[in-house]
Amino acid sequence: MMKNFFSVLLVGLSSVALCQVRHIIVERRQQVEHVAFSMKSMEGNCTITPCQKDEIIAIYSNREGGVSHTLQNEIIGSVENVSLDLHPENKGGTRSTMLRKVLGHNSNQDQWKVYLTESLPYNLNLQFGFGDATIDLSNTSIEKLKINTGSANITIFYRPNMPNKVVLDTFFVAVGMGSLQVKRMSLARPKVSVAEVCFGDMYLDFSAPYPMPQHIICTVGMGKLIIQLPPSSVAVKATIRHSFLCRVNILPQWQSNGHGSFENEAFRRNPANAVTFDLDVSVGKIVFIP
């Protein structure tokens with residue numbers, strides 16, 4: 504019995520190890536002070552998380568034989584530009600990938616784990632096709648962020664009390680037919696946020712406020728946008744342009760000031776550090792959650 508137990512334990516440990524095979528490393532050079540990182544993953548499951556090591560990029564996968572990828576990097580001044588294209592193990596092209604997803608053939612998917620150092624600021628440009636991605640940006644230094652998803656399901660989050668260490672210039676997210684959610688979005692410390700929803704679903708969570716003004720620009724086509732509002736003590740203003748074909752749920756306690764603009768009581772008292780929304784929806788739906 505004990506022998507069988509140790510056999511099972513060794514097999515389990517071996518499986519865990521195979522899921523954490525390190526394949527791609529971009530070492531930090533002495534002159535590098537900023538990183539511009541672009542990544543494209545058209546299929547598979549991806550996790551992005553911070554780490555305290557000095558490596559600019561470290562990628563692990565569940566493929567023992569290696570990760571099929573294209574990597575380009577160059578240093579211009581103090582900025583290292585890294586471009587990474589992760590190729591799925593299953594071949595057959597985009598058409599075969601789409602067919603597998605439609606038929607539900609998701610077994611043996613590639614899994615990537617990407618580590619970003621906490622010691623350098625990043626300009627991130629991430630693109631996902633199919634699969635799932637979880638992006639933990641807690642305690643990182645993100646200066647610009649752009650994330651596009653086709654049919655993938657994306658979750659971006661900051662842990663409580665672990666905000667972005669620098670002010671983020673532009674926070675851009677776009678969803679095609681998939682889903683995207685951003686938890687504790689205010690902790691990204693964005694000056695401007697841009698969100699685009701085509702046919703999919705998007706959830707933006709502002710429940711953890713940060714003491715700075717924020718401007719959020721959203722366009723919704725045929726999809727659905729859910730906005731989790733900050734506490735009622737935070738000033739909020741929303742300007743909405745919409746057609747008769749869409750649905751927008753306005754909170755009854757908000758006051759209209761004309762021209763499609765609505766304000767909460769905190770904004771009327773003091774608009775400092777307000778969260779302002781500019782929303783444009785055609786035939787989709789926007790829901791505000793208090």
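When you line the sequence shown up against our numbering, it's residues 504 to 793, in that order. All C-beta atoms, glycine included, are put in the ideal place defined by N, C-alpha and C.
key: Residue-chain proximity (Gln684, chain B), Cβ-Cβ < 9 Å   = Reference to chain B is not applicable here, since this structure consists of a single protein chain.
ask   = What is the DSSP secondary structure of Ser641, counted as helix, strand or coil?
value = coil
message = To test your reading of the DSSP string, which unbroken beta strand (DSSP E) runs of 3 or more residues are found completely within the stretch 648-727?
response = 656-660, 671-678, 682-686, 693-700, 704-708, 717-723
ask   = Which residue comes first and which comes last in the beta strand (DSSP E) that contains Arg744?
value = 739-745
query = So Thr637 and Cys554 are in contact, right, with Cβ under 8 Å, and what is the actual spacing, rounded?
reply = Going by Cβ atoms, the distance from Thr637 to Cys554 rounds to 15 Å, so no, they are not a contact pair.
inquiry  = Once DSSP output is grouped into helix, strand and coil, what is the label at Phe770?
reply    = helix
inquiry  = Does Asn548 come out as helix, strand or coil in the three-state DSSP assignment?
reply    = strand
key: Distance, Ile579 Cα to Ser735 Cα   = 46 Å
message = With distance defined between alpha-carbon atoms, name the residue in Tyr563, Ile789, Glu536 nearest to Val700.
response = Ile789
ask   = Can at least three beta-carbon pairs, one atom from the stretch 619-634 and one from the stretch 531-548, be found at a separation below 8 Å?
value = yes
query = Over what stretch of residues does the beta strand (DSSP E) that includes Gly761 continue unbroken?
reply = 758-761
query = Just the Cα atoms here: how many angstroms apart are Val519 and Asn565?
reply = Note that Val519 has pLDDT 38, beneath the 50 cutoff, so the model's placement of it is unreliable and no number is given.
inquiry  = So for Pro755, helix, strand or coil by DSSP?
reply    = coil
query = Under a Cβ-count criterion, where at least 16 other Cβ atoms within 10 Å of its own Cβ denotes burial, should Met715 be classed as buried or exposed?
reply = exposed
query = Nearest-angstrom Cα distance between Leu728 and Arg687?
reply = 16 Å
ask   = Pro624 by DSSP, collapsed to three states: which one?
value = strand
query = Grouping DSSP H, G and I as helix and E and B as strand, with all else coil, what is Pro733?
reply = coil
key: C-alpha distance - Pro755 paired with Lys740, whole-angstrom precision   = 14 Å
key: Coil, strand or helix - His590 by DSSP   = coil
ask   = Where do the N-terminal and C-terminal ends of the beta strand (DSSP E) with Gln555 fall, by residue?
value = Segment: none, Gln555 is in no beta strand (DSSP E) and carries neither H nor E.
Distance, Arg532 Cα to Gly724 Cα = 44 Å
task = For Glu530, name the three-state secondary structure that DSSP assigns.
result = coil
query = By DSSP, does Asp613 sit in helix, in strand, or in coil?
reply = coil
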